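Each remark here refers to the structure printed beneath this line.
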Amino acid sequence: MNRSVFLMERDRALTMKAIRNRAVGGPQKCSQQDRARNDALREIESRRWDREMDMEDRLGGPFC
């Protein structure tokens, strides 16, 4: 599975989760803390993907 398919599947899952949450309790506004946590989780997931796909160079930085 390439990165674009992975991201598409992740976005689809997050969208379905958001739709279910809205149907149950109405739209929820994210707090600043929620946005920061989501950004951090997204960054961790991205770095994990890079490691799994061996996209980091030998110096430890991101490949692209």
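For the sequence shown, position 18 (counting from the first letter as 1) is numbered 18 according to the UniProt record's numbering, and the numbering increases by one without interruption. Think of the CB as a built atom: it goes at the ideal place given N, C-alpha and C, for glycine as much as any other residue. On a predicted model such as this, the values are computed, not experimentally measured, just so you know.
*Rounded separation between R35 and L41 - CA only*: The straight-line gap from Cα to Cα measures roughly 10 angstroms.
*Can you give the Cα-Cα distance for C30 and A13, rounded to whole angstroms?*
Between the alpha carbons of C30 and A13 lies a gap of roughly 18 angstroms.
*Looking only at its own chain, which residues have a Cβ that is under 8 angstroms from the Cβ of M53, when we skip the five neighbours before and after it?*
Closer than 8 angstroms at the Cβ level, and outside the excluded window around M53, lie R3.
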